[in-house]
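Student: Residue numbers (the UniProt record's numbering): 1 to 781. From the three backbone atoms N, C-alpha and C, an ideal C-beta is built for every residue, glycine too.
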């Protein structure tokens with residue numbers, strides 16, 4: 001007798017056999033079980049780069065709504081804990097949808113998400129009522145309050161959002177609430193203060209200081225370090241440089257970063273100032289794929305760590321501190337300090353820190369002291385590793401201020417960074433690049449992509465700036481066109497319009513289009529002034545301090561454009577008209593105000609402001625002092641573009657009184673001017689003969705030809721006065737070559753020869769002033 005395979009045999013006794021059926025199956029689970037519905041969002045969660053991320057949000061939202069409806073339209077019993085969890089799940093999913101802009105009325109919105117903001121408010125109210133009624137649900141109150149405040153902040157109800165968090169902070173008790181609740185509340189207050197309009201820096205610093213006090217009181221050094229780095233970023237974005245450097249030094253000491261810079265011996269006299277040489281230190285070829293990093297030969301970058309094994313948070317914060325430190329020292333004109341931090345930044349990135357577990361997704365767990373047997377982790381969103389990697393190219397391009405040479409480092413880093421952007425840009429049908437956790441919302445990915453597009457735009461801006469400094473007109477126009485197309489495509493035009501107008505003004509100024517240059521400068525001032533005082537509020541949620549950074553950038557652009565206009569108007573005034581009429585008096589007063597504002601901003605603009613003051617003053621001693629200070633700033637900043645002009649201006653004051661001293665200055669200025677636009681490869685003598693016989697299609701690259709011609713005219717004047725006829729004939733031939741090159745540039749730009757060539761009978765001071773306007777304002781970009 002055969003036995004079915006689905007049954008089993010049990011021997012009750014030696015004489016009787018009995019077939020027993022399979023065990024009774026478990027009772028059928030109801031299809032509308034609230035536990036199943038609440039489990040669906042976790043099962044459907046996919047990263048924001050997944051093509052089904054939005055459908056998963058829609059299904060998760062429907063599941064949460066269905067679970068909430070069970071209590072009203074079904075006989076299924078639901079406990080208070082399950083109901084509170086259902087409302088909280090609905091709020092979390094709806095906030096992801098609203099944060100991604102899917103509930104807006106714009107083209108990115110979807111019909112099924114309209115009106116979610118009102119539903120979120122109702123859901124938060126009901127969930128908070130349950131959390132306050134039952135002590136076991138107390139933990140939900142903190143999370144719901146943060147979500148409610150975030151929604152109010154997105155809706156630009158800044159006062160209500162911050163008041164809500166302040167009341168919540170006062171209601172927390174250390175005996176009953178875990179420490180992460182205190183930390184996240186203060187971090188949210190800091191975020192709201194930095195991303196509101198206008199930015200409330202004092203409130204942000206107050207919340208940061210309170211966070212530092214709490215973390216030190218509870219022995220959480222990692223939280224204190226995080227708060228200090230946030231404070232450093234806030235101070236840098238608000239341009240409070242007097243507070244930046246002490247805090248930066250403190251943070252570097254806490255991380256164990258020790259940088260030693262052995263400064264070279266100071267020359268005996270300023271007439272021996274030469275272009276600062278650079279030594280080549282090889283970079284690891286793995287990650288950045290960039291050229292070798294130039295550092296001063298006397299700078300010995302030394303960075304020591306407290307311990308060989310560092311936490312994930314410390315590694316991430318080190319990258320942020322290095323980036324902020326580089327920018328701070330570049331602004332201060334201390335490029336020796338900036339270069340060794342760039343070298344350390346490249347070393348850290350090439351070690352593979354961005355691929356470490358806990359950093360590669362952009363979410364880091366902050367280690368804190370446990371307050372009970374089941375501690376709540378403190379997770380924070382940090383800068384995504386893709387942003388940090390792209391930012392390294394931009395920071396390196398900004399730190400390398402020397403535009404001279406055949407392969408200037410700012411240009412090389414900017415080009416390499418743009419290549420990385422093009423390589424990582426997803427093609428049609430390809431999945432976006434980047435790793436994200438499954439519970440991260442679409443808004444995080446949008447924020448990362450927006451930052452990457454801004455970094456690409458800034459790299460293009462650096463490329464335009466270097467090309468203008470090197471008198472590479474065609475390349476500058478090409479990169480400006482690419483920048484315009486990029487900003488138009490990614491809806492960044494309004495943010496970059498003032499800068500683009502300034503670049504057009506610089507280019508027109510360089511090509512001696514005075515009318516167009518004045519129009520571009522005026523437009524840049526107008527657009528930047530609007531960004532300095534924003535009135536229109538964007539409906540898109542914001543959660544970072546880019547608003548305040550945009551205001552600081554707008555002020556810098558406005559002052560740079562005004563400095564360019566002052567320089568151009570000075571150049572348009574002849575010697576006999578200077579200071580004699582009403583226009584001269586107004587220009588002198590306005591130029592003085594612009595120069596003072598340049599000095600307030602510091603950095604490169606301070607050097608520009610002092611040059612303008614030297615051109616506006618009638619006192620020779622005062623002009624010499626201003627130029628001496630400007631020369632010191634440009635030398636420390638390794639800014640050989642502006643340094644060449646300052647040396648030429650200094651030589652003009654000594655050309656009749658100290659000829660030998662003036663010749664040294666003019667020689668250095670000529671050397672720097674020749675390096676501003678040198679070709680990538682040195683042509684051989686045979687190629688030079690061929691080009692001379694056949695005629696070059698493009699103007700020969702000789703660097704800053706206009707400054708080179710002015711320096712050549714001063715040398716010719718000195719040679720004739722001192723009786724050096726042979727040198728005078730050689731200089732005459734060289735000046736004729738400069739004249740031909742300037743004629744080619746003028747004809748290419750649509751200008752006549754009279755606008756291009758310098759006037760032979762013009763006084764030297766007027767000629768110097770013309771060069772101020774043609775050359776100095778280019779550096780303000």
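1. Alpha carbon to alpha carbon, how far is residue 416 from residue 123? Give it in angstroms, no decimals.
2. For residue 52 and residue 46, I'd like the C-alpha separation in whole angstroms.
3. Grouping DSSP H, G and I as helix and E and B as strand, with all else coil, what is residue 363?
4. Let me know the secondary structure DSSP gives residue 206 once reduced to three states.
5. Can you have a look at residue 213 and say buried or exposed, based on whether 16 or more other CB atoms are within 10 angstroms of its CB?
6. What are the partner residues of residue 381, as DSSP defines its beta bridges?
7. For residue 395, collect the residues of the same chain with a Cβ closer than 6 Å to its Cβ; drop the 5 residues on either side in sequence, then sort them by chain order.
8. Does the Cβ of residue 94 have 16 or more other Cβ atoms within 10 Å, making it buried, or fewer, making it exposed?
9. Considering only their Cβ atoms, is the gap separating residue 340 from residue 391 smaller than 8 Å?
10. Count Cβ pairs between the segment 226-234 and the segment 583-595 that sit closer than 8 Å; are there 3 or more?
11. How would you label residue 613, buried or exposed, when you count the other beta carbons within 10 angstroms and need 16 or more for buried?
12. Buried or exposed, going by whether 16 or more other CB atoms sit within 10 Å of the CB of residue 136?
13. Could you tell me the alpha carbon to alpha carbon distance between residue 735 and residue 509, rounded to whole angstroms?
14. Alpha helix (DSSP H) containing residue 529: first to last residue?
15. Short of 8 Å in beta carbon distance, which residues of its chain neighbour residue 461, apart from the five on each side in sequence? Order them along the chain.
16. Hey, out of 715, 560 and 725, whose CA is closest to residue 605's CA?
17. Taking C-beta to C-beta, are residue 610 and residue 635 nearer than 8 Å?
18. By Cβ distance, which residues of its chain are closer than 7 Å to residue 34, with the 5 residues on each side in sequence left out?
19. Starting from residue 717, follow the alpha helix (DSSP H) in both directions and report where the run begins and ends.
20. Could you tell me the distance, in whole angstroms, from the CA atom of residue 730 to the CA atom of residue 743?
21. Let's test the definition: count the other Cβ atoms within 10 Å of the Cβ of residue 160 and tell me whether it reaches 16, buried, or not, exposed.
22. For residue 179 and residue 368, which I take to be in contact (beta-carbon distance under 8 Å), what is that distance rounded to the nearest angstrom?
23. I'd like to know whether the C-beta atoms of residue 190 and residue 208 end up nearer to each other than 8 Å.
24. Cutting at 7 Å between CB atoms, please list the residues of its own chain near residue 316, excluding the five before and the five after it.
25. With 16 other CB atoms within 10 Å as the buried threshold, where does residue 723 fall?
26. Do residue 527 and residue 501 have their beta-carbon atoms positioned less than 8 Å apart in this structure?
27. Of the choices 50, 57, 49 and 48, whose alpha-carbon is the least far from that of residue 40?
28. With distance defined between alpha-carbon atoms, name the residue in 532, 566, 572 and 565 nearest to residue 555.
29. Taking DSSP as the reference, what is the three-state secondary structure of residue 197?
30. Do residue 601 and residue 627 have their beta-carbon atoms positioned less than 8 Å apart in this structure?
31. Between the C-alpha atoms of residue 727 and residue 716, what's the straight-line distance to the nearest angstrom?
32. Excluding five sequence neighbours on each side, which residues of the same chain lie with their C-beta closer than 8 Å to the C-beta of residue 114?
33. Whose CA, out of 258, 665 and 643, lies closest to the CA of residue 653?
34. Roughly how many whole angstroms lie between the Cα atoms of residue 409 and residue 466?
35. Are the CB atoms of residue 366 and residue 257 nearer to each other than 8 Å?
36. For chain B, find out if any of its Cβ atoms is closer than 8 Å to the Cβ of residue 358; answer yes or no.
Tutor: Checking against the coordinates, here is how it stands:
1. 50 Å
2. 8 Å
3. strand
4. helix
5. exposed
6. 363
7. 323 and 326
8. buried
9. no
10. no
11. buried
12. exposed
13. 22 Å
14. 514-532
15. 483, 496, 499, 503 and 781
16. 560
17. no
18. 67, 70, 76, 78, 82 and 86
19. 705-722
20. 20 Å
21. exposed
22. 6 Å
23. yes
24. 359, 364 and 382
25. exposed
26. yes
27. 57
28. 532
29. coil
30. no
31. 8 Å
32. 103 and 105
33. 665
34. 10 Å
35. no
36. Chain labels in this structure do not include chain B; a single protein chain is all it has.
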